[in-house]
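Numbering (the working numbering), first residue to last: 1227 to 1858.
Structure first, commentary second.
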RNA sequence: GCUCACGUAGCUCAGUAGGUAGAGCACGUCCUUGGUAAGGACGAGGUCACCGGUUCAAAUCCGGUCGUGAGCUCCA
């Protein structure tokens, strides 16, 4: 069949001359950026390599978008080279919503340089340079990039396997080592925005030189770019670092980097979350404990933290001995378990704790509430016999489900299996992994397997929650541990009178409460559901005449556990409503002369506005019902 | 920790060529008592992150420290 290819296009079979490109086909879609032929994404102007089904890739397809962004990265590199011919190129991939290119420059970029680069890029777009693919031998490739003094490119070429095709893409005077595919010409990239600059190690390795990473995004049209920038702006408005202080929930100060100040409202929110967790766990047989937060170094040596975690701990030296502030609760719980002779009748023993934990996170990694040095977990350790593992894991997964559903978060499970450097008995590992998988299947949970990513002491399930913006957050972790019971020589007396070794299950559902709260702030954009809201009701007297009536209402609300405030400032009602609305308070109870006479409250909800006068205290009972914790 | 950027009142920001600081909101006092998203007047508030240097003079120029941001790295 030499000389002919059999294609299926738009469901219709036809044959074409070999050497034919997708560009040549009369069926070519106007907005096609690249072409898909049986699993391979190709340049439009590259000769079709094989027979197969043809699909057009546009900006609306993930792969099409990747091609578009990748070509944008080349465009960026070309502009940089025009402005700084001595710049050395690293790599420049496409991202989910943009692209970047790493370059090594003699001088750091100045303010205004981004705009300069952007202008140069637009110029190249205007030139509408054709983008051509070139295939090179290894020697040709090395010679070409050596001539251009592209030392990083040489390193890349040296790493390419000997049987692989080496290709480069040329646009005008610019050429870049690249496997492609790319757009047909630079003119397609109509809208460009360079967004930020940062440092990045060459090949992501700390020992390598630091390069300048230039981020940008691009679209086929200005409208799409504008829309994208608006979305980014929306996300910024939800940023918990912005919303938190403006809703008077928490703040950070230079005096304590990595530790939050919880304001009265934020603390209330925090306590509500903790109480929610406490009630769910209490119903499931958990017992809350409080264990020491500073231990002598010997404990950390025994637990293995000293070897693996010392650099991340706050250490104190007093009376010529070293003390460590706890980064985790597990050793404390192990000691507590060990404090008495335990019977099989005590198992499963579920110890929960919310006390403070500290980790000396590297300064550059701190990030609002998401990454702090002082935090609290909804932590628990389950001491179980081997035949209780399944049932307990099942229980924990059930709790995850209830907890996340309460916040409208969906979740996904990642199952991490035995790593190469595992410790302990292989048979036990196999059994545990089989158990876990069975449980996941029984619950009908969708899960991904992360081979060899378990902890060295046992396999684990990590759970990622998906928030209202579709972002994934790794929150819960459930880990089977065979090692700590060994290290602490834990045992219980079994029914047969023999000492047996328990298994520990480490688990946290919300994970760090600080982080969880940060995520909730962004998930709800600060508009918390009634049961969570720190202030559930603001009572707004219209004139001073109604202040005592308002206070009477507040006392009643308070007695039934509804958190409320009376806004008795001498301001107009509209002003108070505006402030309550901006503070995202779920309910406003307006009380004027009419209400006082008729014994009503005029209700305004945060989401629906004015819903009219309601008889009091009927509305109190409605509120009590609506404000219940979603425990079921 | 590393690279780059940034750091002016509680918050958002202005501050032209180096000549001892300004607005809006918030806050306080007074006036106003108004039925569903901003009533008015007056007032208080800053060692311009901190330390040092250059200069007759530094918020402004230079160096260092701390913090924050975007990333990198790390993340039992």
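All residues carry an ideal CB built from backbone N, CA and C; glycine is no exception.
All values reported here derive from a predicted model rather than from experimental measurement.
- Could you tell me which residues DSSP puts in a beta bridge with residue 1763? 1790, 1813
- Message: Going by DSSP in three states, residue 1280 sits in which element: helix, strand or coil?
- Response: strand
- Message: With three or more beta-carbon pairs closer than 8 Å as the criterion, would you say the stretch 1678-1698 touches the stretch 1650-1662?
- Response: yes
- How about the stretch 1585-1597 and the stretch 1736-1754: do they share at least three Cβ pairs that are nearer than 8 Å? yes
- With a threshold of 16 other CB atoms inside 10 Å of the CB of residue 1730, please say whether the residue is buried or exposed. buried
- Query: When the Cα of residue 1733 is compared with those of 1702, 1545, 1714, which residue comes out closest?
  - Reply: 1702
- Task: Return the bridge partner residues of residue 1609 from the DSSP annotation.
- Result: 1575, 1730
- Mark residue 1591 as exposed unless 16 or more other C-beta atoms lie within 10 angstroms of its C-beta, in which case mark it buried. exposed
- Task: State the Cα-Cα distance for the pair residue 1763 and residue 1843, rounded to the nearest angstrom.
- Result: 15 Å
- If you draw a straight line from the C-alpha of residue 1296 to the C-alpha of residue 1443, how long is it? 10 Å
- Task: Pull up the CB-CB distance for residue 1241 and residue 1231, whole angstroms please, since I reckon it's below 8 Å.
- Result: 7 Å
- residue 1382 in three-state terms, based on DSSP: helix
- Item | Residue range of the unbroken beta strand (DSSP E) whose run includes residue 1239 | 1238-1243
- Message: Is the beta carbon of residue 1469 closer than 8 Å to that of residue 1378?
- Response: no
- Message: Measuring alpha carbon to alpha carbon, tell me which residue in 1580, 1610, 1584, 1691 is nearest residue 1635.
- Response: 1691
- Task: Give the DSSP bridge partners of residue 1636, in chain order.
- Result: 1692
- Message: For residue 1609 and residue 1424, I'd like the C-alpha separation in whole angstroms.
- Response: 46 Å
- Query: Can you name, in chain order, every residue of its own chain whose Cβ lies under 6 Å from the Cβ of residue 1639, other than the five neighbours on each side?
  - Reply: 1671, 1673, 1687, 1689
- Could you tell me the distance, in whole angstroms, from the CA atom of residue 1770 to the CA atom of residue 1507? 46 Å
- Name the DSSP bridge partner or partners of residue 1444? 1418
- Item | Beta-carbon proximity list for residue 1335, same chain, < 7 Å, skipping 5 on both sides | 1423, 1438
- Task: Grab me the residues of residue 1812's own chain with a C-beta within less than 7 Å of its C-beta, minus the 5 sequence neighbours each way, in chain order.
- Result: 1756, 1759, 1762, 1831, 1832
- Query: Under the three-state reduction of DSSP, which class applies to residue 1549: helix, strand or coil?
  - Reply: strand
- Task: Quick one: residues in its chain with C-beta nearer than 8 Å to the C-beta of residue 1289, no 5 flanking neighbours on either side, listed in chain order?
- Result: 1260, 1262, 1267, 1283
- Message: Within the continuous alpha helix (DSSP H) that includes residue 1589, where are the two ends?
- Response: Neither: residue 1589 is in no alpha helix (DSSP H) and is coded neither H nor E.
- Query: Cα-Cα, which of 1365, 1257, 1522, 1363 is closest to residue 1287?
  - Reply: 1257
- Tell me, to the nearest whole angstrom, how far the beta carbon of residue 1838 is from that of residue 1829; I am working on the premise that it is less than 8 Å. 7 Å
- Task: Have a look at the DSSP bridge pairing and note the partners of residue 1602.
- Result: 1582
- Message: Taking the straight line between their C-alpha atoms, what separation do you get for residue 1312 and residue 1400?
- Response: 13 Å
- Query: By DSSP, does residue 1227 sit in helix, in strand, or in coil?
  - Reply: Note that residue 1227 scores a pLDDT of 47, beneath 50, so its modelled location is shaky and nothing firm can be said.
- Message: Once DSSP output is grouped into helix, strand and coil, what is the label at residue 1389?
- Response: coil
- Going straight from the alpha carbon of residue 1855 to that of residue 1705, what length do you get? 28 Å
- Message: Whole angstroms are fine: how far does the CA of residue 1473 sit from the CA of residue 1752?
- Response: 8 Å
- Comparing alpha-carbon positions, which option in 1791, 1403, 1347 lies nearest residue 1361? 1403
- Item | Simplified DSSP assignment, three categories, for residue 1235 | strand
- Could you pull the start and end residues of the beta strand (DSSP E) that residue 1433 belongs to? First-last for residue 1433: undefined, no H or E at that position.
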